[in-house]
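This report concerns only the one structure given below.
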Amino acid sequence: MTAQEALKTYFGYDSFRPGQNTVVSAILSGRDALAIMPTGAGKSLCYQIPALLLPGLTLVISPLISLMQDQVKGLSAAGIPAAYINSALTENQIAKALQLAAQGSYKIVYVAPERLESPAFQAFAASADISMLTVDEAHCISQWGQDFRPSYLRILDFIDTLPKRPIVSAFTATATREVKDDIAETLRLQDPEVVITGFDRPNLYYRVEPTRRKDAFVADYVRSHPGESGIIYCATRKNVDAVREMLQGEGFAAARYHAGMTNEERRQSQNDFIYDAAPVIVATNAFGMGIDKSNVRYVIHYNMPQSMENYYQEAGRAGRDGLPSQCILLFSPQDIMINRFLLEHKEVDDLDDEAAELLRERDNQRLQAMANYCQTTGCLRNYILRYFGEEPAAPCGSCGNCDRVYDETDMTTQAKWMINCVAETHGRYGKGVVLNTLRGANMARLRELGAMDYRSYGKLKDCTREELNCLLAQLLEDGYLIQTDDQYAVLRMGNITPLKQGAQVLVKLPPKVEPADAASKKHKASKAAQKGKGGLTGDGAALFEQLRALRMQLAQAEKLPPYLVFGDKTLVDMCAKAPRRLEDMKEIYGMGERKYAKYGQKFFAEIEAYRQDHPTADLGPQL
1 MTAQEALKTY
11 FGYDSFRPGQ
21 NTVVSAILSG
31 RDALAIMPTG
41 AGKSLCYQIP
51 ALLLPGLTLV
61 ISPLISLMQD
71 QVKGLSAAGI
81 PAAYINSALT
91 ENQIAKALQL
101 AAQGSYKIVY
111 VAPERLESPA
121 FQAFAASADI
131 SMLTVDEAHC
141 ISQWGQDFRP
151 SYLRILDFID
161 TLPKRPIVSA
171 FTATATREVK
181 DDIAETLRLQ
191 DPEVVITGFD
201 RPNLYYRVEP
211 TRRKDAFVAD
221 YVRSHPGESG
231 IIYCATRKNV
241 DAVREMLQGE
251 GFAAARYHAG
261 MTNEERRQSQ
271 NDFIYDAAPV
281 IVATNAFGMG
291 IDKSNVRYVI
301 HYNMPQSMEN
311 YYQEAGRAGR
321 DGLPSQCILL
331 FSPQDIMINR
341 FLLEHKEVDD
351 LDDEAAELLR
361 ERDNQRLQAM
371 ANYCQTTGCL
381 RNYILRYFGE
391 EPAAPCGSCG
401 NCDRVYDETD
411 MTTQAKWMIN
421 CVAETHGRYG
431 KGVVLNTLRG
441 ANMARLRELG
451 AMDYRSYGKL
461 KDCTREELNC
471 LLAQLLEDGY
481 LIQTDDQYAV
491 LRMGNITPLK
501 QGAQVLVKLP
511 PKVEPADAAS
521 KKHKASKAAQ
531 KGKGGLTGDG
541 AALFEQLRAL
551 RMQLAQAEKL
561 PPYLVFGDKT
571 LVDMCAKAPR
581 RLEDMKEIYG
591 MGERKYAKYG
601 QKFFAEIEAY
611 RQDHPTADLG
621 PQL
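Positions 1 to 623 (the working numbering) are the ones given, in order, by the sequence shown.
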């Protein structure tokens, strides 16, 4: 069987996505591989297809029990023999799994990195025919990655104990150039095929919403997207509990997830979300790495994350099936202060003083980059891409900032006063002191610093706080001012030569929101909900809901997450094509042989029943 044939037979896909074939071919030729691919780009297939075709066993190092379980369920549903070995199993179950693996009953076995230190597992590995070792979420191996795990450093020691070095492959969705190099060096990859497919997720709609009325926004959003699966991330456990309680008070089925809950409570919450018993989950960043739920239609960040890496990974849990999905960040200036506090109290016990200081410095740099993202008026998608080292040619035209109508205003005069104020501070103070000075605030702190004696004091008292924030963001973007990346983030002078030579400072200011604009936003929200169904309307959308109900019924009977029966993209394709013959169901996206045999007849019957009940229905391509 070729890789292409395996792709169609087991997974129901006609072709590889960009980058997948390159990685698969490299592994099958015996080369190591490192793939950096965005969430939803199909990283798992890059090692699952070779695992099927290589002669022996593939070991997959995975950081979370939930991820292992999801992957094994998905593989089993596709007819691929796989197992996981982790602390959720009894010793007898582990011994049985190892025995079956040694006998060749599995092609893929998932283990946690800590398992590699177990004498029983080491004994098994020494005698097993291990063709490939795959490191998933490979950024965890770098201490400069956002999810560094010391246990990942022991993977190399394990490889060295094996009688024969297997092919080593590593995969991650978020890696700066520095982290990428660290992964390759730490794992000692040999002449690896390095594939970086780019960080753009065209199906994701990025939006920053400056608001202090976060609860009202969340409630309105969930209300306007009924039945859709979503994740709401909060910075603290207290916020998680409060937002979940608020949603339940509004009548929504919402789960919660944070480290202050018991293991059983977290397991139940995760299951409620995965199995769609609670379509919405409110969580800290403790939730989600490796969550493989394909039909998450939106991710809302109630608070600003600590880094672009974290934001990209968390937001990237939306739309893994490729359908349009929303990533919304609710921003208030207080978020920056909350995150600075959390970073100041971050545990760095495993590092020496020099490394800890370097990590703190980089944490502050990342936080500042995240704050700049929240305050930019430029293209949000391009900001993300540039952060990860890409150079987009033009604004995307489809993010919150590109769609927002701004009033471009000449604020050259105001800019000069702001620059003058920073000069008067001699680069010693941050944004708060500078803006309050310009607004002429009567504050003890300003009196203490002597800021009331500055020539710039009160010169911009007629400007709103929002206008000053937009002006500052523009001056930082233009390089006229510089904000330091340290803990205190003070403002300093940049290169003002262009301004002296007559350059203008044009600032994009958001227009005042009128009630009509608010109604327009709600209209856009309902249109976005339609897009989550692949753009289906009318009969197509109605059939989609019936197929979704059938999927839920089958999933409950088999105790499977609904998306493992079929993803939303497969249901959308059924509605779009509406096959008139059973055998045509084989051409549906994601319809592998195992799923066709198991579910094809049932879903075809549902489509036919809809046709019978709606004789004038407009379904499928016109004959």
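For every residue, glycine included, the Cβ atom is placed at its ideal position computed from N, Cα and C.
So who's on the other strand from residue i, going by DSSP bridges?
i	result
ALA170	LEU34, VAL135
ALA415	Note: ALA415 sits in no beta bridge, so no partner.
LEU59	VAL109, LEU133
LEU329	VAL208, HIS301
GLY430	VAL490
ALA82	ILE108
SER229	VAL296
TYR624	Since the first and last residues shown for the chain are 1 and 623, residue 624 lies out of range.
THR409	VAL507
SER482	First, the amino acid is wrong: residue 482 is Ile here, not Ser. DSSP lists ARG492 as partners of ILE482.
ASN196	The displayed chain sequence assigns Ile, not Asn, to residue 196. BP columns for ILE196 point to ILE36.
Name the residue from the options whose alpha carbon lies nearest to the alpha carbon of residue i.
i	options	result
GLY397	ARG465, MET304, GLY378	GLY378
CYS463	HIS426, MET337, THR437, LEU449	THR437
SER169	ASP584, GLN190, ILE281	GLN190
GLU178	ALA112, ILE36, SER62, ASP220	ILE36
GLU344	GLU361, GLN334, PRO333	GLU361
LYS43	ALA173, ALA102, ASP32	ALA173
LEU133	PRO113, LEU582, GLY322, TYR302	PRO113
GLU587	TYR13, ALA6, LEU7	TYR13
ALA120	GLU314, ARG428, ILE85	ILE85
VAL240	ALA255, ALA216, ALA278, LEU64	ALA255
ASN364	PHE341, GLU354, LEU385, PRO150	PHE341
CYS402	TYR383, GLU391, MET411, THR412	TYR383
ILE338	GLN504, LYS238, PRO202	LYS238
LEU582	ALA278, TYR596, GLY590	TYR596
ILE300	ILE231, ASP70, ALA123	ILE231
GLN474	VAL505, MET574, HIS426	VAL505
CYS46	SER142, GLN20, GLU424	GLN20
GLN103	ALA125, GLU117, SER87	ALA125
LYS431	ASP453, ALA371, GLY400	ALA371
ALA555	GLY30, ILE65, LYS73	LYS73
THR236	PRO305, ASP272, ARG297	PRO305
SER87	PRO81, VAL111, GLN99, PHE16	VAL111
TYR599	LYS346, ARG551, LEU358	ARG551
For residue i, which residues of its own chain have a beta-carbon under 6 Å away from its beta-carbon, when the five flanking residues on both sides are left out?
i	result
GLU477	none
LYS461	ARG439, GLY440
PRO561	ILE274, TYR275
SER332	ARG212
ALA33	VAL23, ALA26, ILE27, SER169, PRO192, GLU193
MET246	ASP215
Give the C-beta separation of residue i and residue j to the nearest angstrom, bearing in mind that I take them to be a contact with Cβ-Cβ under 8 Å.
i	j	result
PHE603	MET585	7 Å
VAL195	THR22	5 Å
THR186	LEU162	Contact doesn't hold; Cβ gap of about 17 Å is too wide.
VAL386	GLU309	Position check: residue 386 holds Arg in this sequence, whereas Val was assumed. Their Cβ separation, rounded to whole angstroms, is 14 Å, which puts ARG386 and GLU309 out of contact at 8 Å.
THR284	ALA259	7 Å
GLY535	LYS577	The Cβ separation is near 14 Å, so there is no contact.
ASN303	ASP335	5 Å
Return the chain-ordered list of same chain residues with a C-beta closer than 7 Å to the C-beta of residue i, the five sequence neighbours on each side being excluded.
i	result
LEU509	TYR406, ASP407, THR409, GLU467, CYS470
PHE252	VAL222, VAL280
TYR610	LEU543, GLN546, ALA617
ASN295	SER229, ASP321, TYR563, GLY567, ASP568
ASP136	VAL60, ILE61, SER62, PHE171
ALA3	VAL24, LEU28, ILE49, LEU53
ALA184	LEU34, PRO192
ARG188	LEU156
GLU391	none
MET443	ASN436
CYS374	VAL208, MET304, LEU329, PHE331
What does a CB cutoff of less than 8 Å around residue i pick up in its chain, not counting 5 residues either side in sequence?
i	result
ASP485	GLU361, ASN364, GLN365, GLN368
GLY389	THR176, ARG177
Sorry if obvious, but does the Cβ on residue i come closer than 7 Å to a heavy atom of the ligand PLP?
i	result
ALA355	Looking for the ligand PLP in the displayed structure turns up nothing, as the structure carries no ligands at all.
Touching or not, the stretch 47-67 and the stretch 93-109, by the rule of three or more beta carbon pairs under 8 Å?
yes
Looking at C-beta atoms only, is the number of pairs between the stretch 217-230 and the stretch 65-79 that lie closer than 8 Å three or more?
no
Taking 8 Å as the threshold, find out whether the stretch 201-217 comes into contact with the stretch 311-331 through three or more Cβ pairs.
yes
Three-pair Cβ contact test at 8 Å for the stretch 419-439 versus the stretch 489-507
yes
Evaluate the contact criterion for the stretch 569-579 versus the stretch 310-323: three or more CB pairs, one atom per stretch, below 8 Å.
yes
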